[in-house]
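So the structure is just underneath, and the comments pick up after that.
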């Protein structure tokens with residue numbers, strides 16, 4: 003059960019990290035209709051500043067909280083595995 007929770011938290015962390023990286027990048031790569039016509043959009047300075055503020059003040063606290071929670075659950079899993087090994 004703990005392993006499932008760790009996997010869910012890892013997936014959650016990776017999703018928020020992707021959102022954070024998209025917000026902090028100065029260019030956005032996207033595809034309009036297929037793999038062959040990718041475009042790159044350069045963010046204007048106002049949009050870039052807004053996105054970076056969102057990433058710093060809203061996304062980074064979420065990432066830090068998930069990191070702490072993930073660390074605690076991994077610690078519990080490792081401790082449980084060590085105790086299980088010692089008792090058996």
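Numbering (the working numbering), first residue to last: 3 to 90. All C-beta atoms in this analysis are idealised placements derived from N, C-alpha and C, irrespective of residue type, glycine included.
Candidates the options: closest to residue i by CA position
i          : options       : result
residue 12 : 73, 46 and 47 : 73
Residue i vs residue j beta-carbon contact at 9 Å
i          : j          : result
residue 15 : residue 62 : no
residue 53 : residue 45 : yes
residue 57 : residue 88 : no
residue 7  : residue 86 : no
Cβ neighbours of residue i in the same chain (closer than 6 Å, five flanking residues each side left out)
i          : result
residue 42 : 29 and 31
Burial state of residue i, where buried means 16 or more other Cβ atoms lie within 10 Å
i          : result
residue 39 : exposed
residue 90 : exposed
residue 35 : exposed
residue 22 : buried
Nearest-angstrom beta carbon gap, residue j and residue i [assumed within contact, 8 Å]
i          : j         : result
residue 79 : residue 4 : 5 Å
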